[in-house]
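Trainee: Protein chains in written order, with the working numbering: chain A, 9 to 272; chain B, 9 to 272; chain C, 9 to 272; chain D, 9 to 272.
Number of protein chains: 4
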Amino acid sequence: MCRWAAYIGAPIFLDEIVSRPGHSLIHQSHCATQCHTAINADGFGIAWYGERAEPGLYRDVLPAWSDPNLKSLTAQVRSGLFLAHVRASTGTATSRNNCHPFTHGPWSFMHNGQIGGFEMFRRDADMMIPEELYPHRKGATDSEAIFLVALAEGLDGDPRGALERASARFIALSKAKGVGAYLRMTAALSDGKRLYAVRYASDGNAPSLYYRWSETRGGMAVVSEPLEDGEGDWTEVPEYSFCTIEREAVRVEDFMPCKLALAA
Amino acid sequence: MCRWAAYIGAPIFLDEIVSRPGHSLIHQSHCATQCHTAINADGFGIAWYGERAEPGLYRDVLPAWSDPNLKSLTAQVRSGLFLAHVRASTGTATSRNNCHPFTHGPWSFMHNGQIGGFEMFRRDADMMIPEELYPHRKGATDSEAIFLVALAEGLDGDPRGALERASARFIALSKAKGVGAYLRMTAALSDGKRLYAVRYASDGNAPSLYYRWSETRGGMAVVSEPLEDGEGDWTEVPEYSFCTIEREAVRVEDFMPCKLALAA
Amino acid sequence: MCRWAAYIGAPIFLDEIVSRPGHSLIHQSHCATQCHTAINADGFGIAWYGERAEPGLYRDVLPAWSDPNLKSLTAQVRSGLFLAHVRASTGTATSRNNCHPFTHGPWSFMHNGQIGGFEMFRRDADMMIPEELYPHRKGATDSEAIFLVALAEGLDGDPRGALERASARFIALSKAKGVGAYLRMTAALSDGKRLYAVRYASDGNAPSLYYRWSETRGGMAVVSEPLEDGEGDWTEVPEYSFCTIEREAVRVEDFMPCKLALAA
Amino acid sequence: MCRWAAYIGAPIFLDEIVSRPGHSLIHQSHCATQCHTAINADGFGIAWYGERAEPGLYRDVLPAWSDPNLKSLTAQVRSGLFLAHVRASTGTATSRNNCHPFTHGPWSFMHNGQIGGFEMFRRDADMMIPEELYPHRKGATDSEAIFLVALAEGLDGDPRGALERASARFIALSKAKGVGAYLRMTAALSDGKRLYAVRYASDGNAPSLYYRWSETRGGMAVVSEPLEDGEGDWTEVPEYSFCTIEREAVRVEDFMPCKLALAA
Numbered sequence: 009m010c011r012w013a014a015y016i017g018a019p020i021f022l023d024e025i026v027s028r029p030g031h032s033l034i035h036q037s038h039c040a041t042q043c044h045t046a047i048n049a050d051g052f053g054i055a056w057y058g059e060r061a062e063p064g065l066y067r068d069v070l071p072a073w074s075d076p077n078l079k080s081l082t083a084q085v086r087s088g089l090f091l092a093h094v095r096a097s098t099g100t101a102t103s104r105n106n107c108h109p110f111t112h113g114p115w116s117f118m119h120n121g122q123i124g125g126f127e128m129f130r131r132d133a134d135m136m137i138p139e140e141l142y143p144h145r146k147g148a149t150d151s152e153a154i155f156l157v158a159l160a161e162g163l164d165g166d167p168r169g170a171l172e173r174a175s176a177r178f179i180a181l182s183k184a185k186g187v188g189a190y191l192r193m194t195a196a197l198s199d200g201k202r203l204y205a206v207r208y209a210s211d212g213n214a215p216s217l218y219y220r221w222s223e224t225r226g227g228m229a230v231v232s233e234p235l236e237d238g239e240g241d242w243t244e245v246p247e248y249s250f251c252t253i254e255r256e257a258v259r260v261e262d263f264m265p266c267k268l269a270l271a272a
Numbered sequence: 009m010c011r012w013a014a015y016i017g018a019p020i021f022l023d024e025i026v027s028r029p030g031h032s033l034i035h036q037s038h039c040a041t042q043c044h045t046a047i048n049a050d051g052f053g054i055a056w057y058g059e060r061a062e063p064g065l066y067r068d069v070l071p072a073w074s075d076p077n078l079k080s081l082t083a084q085v086r087s088g089l090f091l092a093h094v095r096a097s098t099g100t101a102t103s104r105n106n107c108h109p110f111t112h113g114p115w116s117f118m119h120n121g122q123i124g125g126f127e128m129f130r131r132d133a134d135m136m137i138p139e140e141l142y143p144h145r146k147g148a149t150d151s152e153a154i155f156l157v158a159l160a161e162g163l164d165g166d167p168r169g170a171l172e173r174a175s176a177r178f179i180a181l182s183k184a185k186g187v188g189a190y191l192r193m194t195a196a197l198s199d200g201k202r203l204y205a206v207r208y209a210s211d212g213n214a215p216s217l218y219y220r221w222s223e224t225r226g227g228m229a230v231v232s233e234p235l236e237d238g239e240g241d242w243t244e245v246p247e248y249s250f251c252t253i254e255r256e257a258v259r260v261e262d263f264m265p266c267k268l269a270l271a272a
Numbered sequence: 009m010c011r012w013a014a015y016i017g018a019p020i021f022l023d024e025i026v027s028r029p030g031h032s033l034i035h036q037s038h039c040a041t042q043c044h045t046a047i048n049a050d051g052f053g054i055a056w057y058g059e060r061a062e063p064g065l066y067r068d069v070l071p072a073w074s075d076p077n078l079k080s081l082t083a084q085v086r087s088g089l090f091l092a093h094v095r096a097s098t099g100t101a102t103s104r105n106n107c108h109p110f111t112h113g114p115w116s117f118m119h120n121g122q123i124g125g126f127e128m129f130r131r132d133a134d135m136m137i138p139e140e141l142y143p144h145r146k147g148a149t150d151s152e153a154i155f156l157v158a159l160a161e162g163l164d165g166d167p168r169g170a171l172e173r174a175s176a177r178f179i180a181l182s183k184a185k186g187v188g189a190y191l192r193m194t195a196a197l198s199d200g201k202r203l204y205a206v207r208y209a210s211d212g213n214a215p216s217l218y219y220r221w222s223e224t225r226g227g228m229a230v231v232s233e234p235l236e237d238g239e240g241d242w243t244e245v246p247e248y249s250f251c252t253i254e255r256e257a258v259r260v261e262d263f264m265p266c267k268l269a270l271a272a
Numbered sequence: 009m010c011r012w013a014a015y016i017g018a019p020i021f022l023d024e025i026v027s028r029p030g031h032s033l034i035h036q037s038h039c040a041t042q043c044h045t046a047i048n049a050d051g052f053g054i055a056w057y058g059e060r061a062e063p064g065l066y067r068d069v070l071p072a073w074s075d076p077n078l079k080s081l082t083a084q085v086r087s088g089l090f091l092a093h094v095r096a097s098t099g100t101a102t103s104r105n106n107c108h109p110f111t112h113g114p115w116s117f118m119h120n121g122q123i124g125g126f127e128m129f130r131r132d133a134d135m136m137i138p139e140e141l142y143p144h145r146k147g148a149t150d151s152e153a154i155f156l157v158a159l160a161e162g163l164d165g166d167p168r169g170a171l172e173r174a175s176a177r178f179i180a181l182s183k184a185k186g187v188g189a190y191l192r193m194t195a196a197l198s199d200g201k202r203l204y205a206v207r208y209a210s211d212g213n214a215p216s217l218y219y220r221w222s223e224t225r226g227g228m229a230v231v232s233e234p235l236e237d238g239e240g241d242w243t244e245v246p247e248y249s250f251c252t253i254e255r256e257a258v259r260v261e262d263f264m265p266c267k268l269a270l271a272a
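This is how it looks when you write it as structure tokens:
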């Protein structure tokens, strides 16, 4: 099912989010509490923004808890904007190209959830990826496909609209050829300037998603599960919503791909 | 560029072909002499037939020379029909799903060569794979695509014709959207009963390919490069030919996908 | 904490024990029910005996559930005597050389449990390994050390005695420099002719261990946890015992390294 | 045989040394020109100093040329002091713990060369590592052993003397139990403040080593092989010498462990 955590704000060491908290992302890789799979050990990844327009990307297939490279990297690298993910496969192979986040140019993207029955129509899904983006279709996940189709739909100019349109197309596919639930999704994405997060499910069972501003750090964490037990001030992201986060400010808009899918 | 070796005959330990000879496949993984790349260290794989209809498959991304699992496996497993491959990537990522051989049902397939400019039309290539086979498109190589399209073209009933038709389709694609040479290929494939091998290039520069019957072993080896220096009795497979091998007997037929491509 | 399964009897496909049963070893790699760690995802390994005196050995660091190589190997390889293990690290790194089973000549060995406080006296432990066996000390686990010291103590002639003497030496070390519990151990070992199993703990908390003769298969399975729920005829191996198994016959003898340690 | 490159100076992106130059370290991983092995594909590693006292460490077993994580990391991370290494194994397994650099506290160390016949006396070598450092003996290389014994000999206070004493001890061991050449070594080490480099061989065949100050970068590169062909101003490090480098200044002292070994 996956779990993820993202951050935007004053630069901090990645481990402040990934490993240090009591219920850090690494803790969630073997003890997640708010999803089907307590274990998310089919790989992990981090995308982080620094001096360059494109983010750095580190992904591997090992369980996150046992990778000394990850430990070292997160203790050394500071960033004011990053995405981190631990994976529980919904069917596709464990390989680096099937780990999140995915990146393209300045964009990074990670996903928790699935497109219902994706393997039944992966061909159709791949066909929604235009030729110029196809070289970036490196794995076989529904998540990478969502990202590439969203890019095609105009992520650059209108992230909310593009992701909504992309999601609608997958919902329609799933309705036609797959199985419900057509689309369950929490996702985080960034262009290196802002952090975006979305929470949605076509069947009302969206994965969990929260955010919290930390005054001490000077940054906003957006997470699948609160990073500390007993920290009561995590705000739940409402379902059917798309958030634009620029440090302390969170703008919440509707996210309704199902409506688009119906209209189509 | 890759190197490979295949065998059909009396069951032998896999290492008789893979590691023991002086210029074994493992030797060719770091010291190949008849191809562009002396080093073929972007992964390896073995498919072997035993009691079951489907072959066993072992693939990994490490250089073949350093994998103790491969060493152990080849020392223990006997087979009368197997395919072994060491990979030099022509662009796609190093991942298990991009290693050869590929398998589907009773079929196994491995390839040395490339489809010219494949990354420019990978989308079109993937679209030639029919829906029912698409779940088996797990990587991004041209080789896996050739295999799946050949299956779609009827490998079961007519291996030579199916592979020729598949090759023609890729030649046409490469002509239209890629770069020459359109197709260079030595390949080995099997359905568990016979061993097939092909040698072809649209530009006359086909990779090397040889075979040799061993009386002592009671089997036929088909290889990119002869397994022992100074062993003078390796027969070169002619270009533009498709071989059907049932132990000692080799039937050689024309293989002319370019003609088909022109006709189309 | 680890889980393992061993088999001796009529040759069967490895997957009959490793993956097919409802609570197979692979199931135990993510859902163990009778030990601390439900998850045993820090690597796995199989040692199997075939035609050669030395067993084959396949080990990798990935979680067992996601490895297609393991799946393929266990579906293809038949053996009348094999050891299989899924690992939960008690401190040492996740690397192939720290995965069980360990092999040396015809011997194979795997372990569930630990030597209390081992990292505090690993140097002393390594020093118990004689020079001629030291090249085989490839990792840093307590388990590999137990195996090599047992070999030094004369595993060839007297497996029970050798393992008891080796265990006594580690108990003494742990008493002197480590922390209790000094030694907890279920282990399986084989020389390719017989299967041996031991269950012991210096503090009375030995890991779980069972065996069951299968009339249909014609073989004995020895396991950390019964392979099927509801299969009531698994016999629990008593604590403080060393079993010698030759197909249906199980000879049970005392195993009392603590007594030896006291005497020393 | 390995190849390596180190840098001290104004912070630069790691890829300025590791991958961008025409004969970069990654190029040397498959096309080294001044050593036995053109191919150094048994793993790689980077240790880099940033804000913390301890360096970051990233090591993996894949050939350096095919790792996208390495590519990404080196494009993103800036450092004013780092060590990078590509490995050709002299016998020990390919595993992360056998890759260089090795780190301990603020120290990092990497090595090209070998201790003659090391596997014949690895036990004695391990015994030279004192108990308090033994938990850091994680692999089985001669290089890691040299590092740990040098630490024990007082790297903190006197890097040259400590490494010389450590080397003398290994030369003596190799003389007594191994085979010539007793010790061949180029090594780089750092405490996060200065960069040290050494070039030595007991038989006069020391691996290659050069350095060059770059005015444009404002930093010193120390390398196995010059990073650009035709760049004529690389200074060869004399054999039997230990260099202390603080940006532009290079202090060269004698390094004569053989004398110490004789005296002992």
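We treat Cβ as the ideally placed atom computed from N, Cα and C, and that holds for glycine.
1) Tell me, please, which residues DSSP counts as bridged to I16(C).
2) Closest to Q42(C) by CA distance: which of L171(C), Y218(C) and G88(C) is it?
3) With a cut-off of 8 Å on the beta carbons, I'd call N48(C) and S103(D) a contact; round off their distance for me.
4) At a Cβ cut of 9 Å, what residues of the region 162 to 190 of chain A count as close to chain D, listed as they run along the chain?
5) Against L65(D), what residues of chain A qualify as contacts under a CB-to-CB distance less than 7 Å, listed in chain order?
6) What residue does the beta strand (DSSP E) around Q122(D) start on, and which one ends it?
7) Compute the Euclidean distance between the alpha carbons of Q273(B) and R192(B), then round it to the nearest angstrom.
8) In its own chain, which residues sit with a C-beta less than 8 Å from the C-beta of A40(D), not counting the 5 before and 5 after it?
9) According to DSSP, simplified to helix, strand and coil, what is G47(B)?
10) Nearest-angstrom Cα distance between P109(A) and G162(D)?
11) Hey, is S74(A)'s beta-carbon within less than 9 Å of any beta-carbon in chain C?
12) Indicate whether at least one CB of chain B lies closer than 9 Å to the CB of Y204(A).
13) Going by DSSP, what residues sit across from W221(B) in a beta bridge?
14) Based on Cα-Cα distance, which residue from W56(C), Y66(C), L81(C) and R67(C) lies nearest to L65(B)?
15) If you draw a straight line from the C-alpha of R255(B) to the C-alpha of G227(B), how long is it?
16) Can you give me the start and stop residues for the beta strand (DSSP E) that E261(B) sits inside?
17) Measure the CB-CB distance between A61(D) and G200(D) and report whether it falls below 9 Å.
18) Check W56(D) in the structure and name its three-state DSSP category.
19) Determine the contact status of R202(B) and I25(B), defining contact as a CB-CB distance below 9 Å.
20) Could you spell out the range, first to last residue, of the alpha helix (DSSP H) harbouring T252(A)?
21) Would you mind sorting H35(D) into buried or exposed? The rule is 16 or more other CB atoms within 10 Å of its CB.
22) Under 7 Å between beta-carbons, which chain B residues line up against D50(D)? List them in chain order, please.
23) Name the residue from A257(C), S249(C), R259(C) and V85(C) whose alpha carbon lies nearest to the alpha carbon of C266(C).
24) Would DSSP call F129(D) helix, strand or coil?
25) So, are the CB atoms of R177(A) and M136(A) less than 9 Å apart?
26) Is the separation between the beta-carbon of D241(D) and that of R220(D) shorter than 9 Å?
27) Please classify N213(B) as buried or exposed, where buried requires at least 16 neighbouring CB atoms within 10 angstroms.
28) For R207(D) and A101(B), I'd like the C-alpha separation in whole angstroms.
29) If you follow the alpha helix (DSSP H) that T100(D) is in, where does it begin and where does it stop?
30) How many whole angstroms separate the CB atoms of L159(C) and H112(C), which I take to be in contact at a CB cut-off of 8 Å?
31) Using beta-carbon positions only, say whether R67(A) and R131(B) come within less than 9 Å of one another.
Mentor: On the basis of the coordinates in this document:
1) L89(C) and M228(C)
2) Y218(C)
3) N48(C) to S103(D), Cβ: 20 Å. No contact.
4) none
5) S80
6) W115 to I123
7) The requested residue 273(B) does not occur in the structure, where chain B is confined to residues 9 to 272.
8) M9, R11, A46, I47, N48, S232 and E233
9) Sequence inspection shows Ile at residue 47(B); the Gly mentioned does not correspond to that position. Reduced to three states, the DSSP call for I47(B) is coil.
10) 44 Å
11) yes
12) no
13) M228(B)
14) L81(C)
15) 6 Å
16) A257 to D262
17) yes
18) strand
19) no
20) No alpha helix (DSSP H) holds T252(A); the beta strand (DSSP E) holding it covers S249 to E254.
21) buried
22) S74
23) S249(C)
24) coil
25) yes
26) yes
27) exposed
28) 37 Å
29) Taken as a continuous stretch (DSSP letters only), T100(D) belongs to no alpha helix (DSSP H), as it is neither H nor E.
30) 6 Å
31) no
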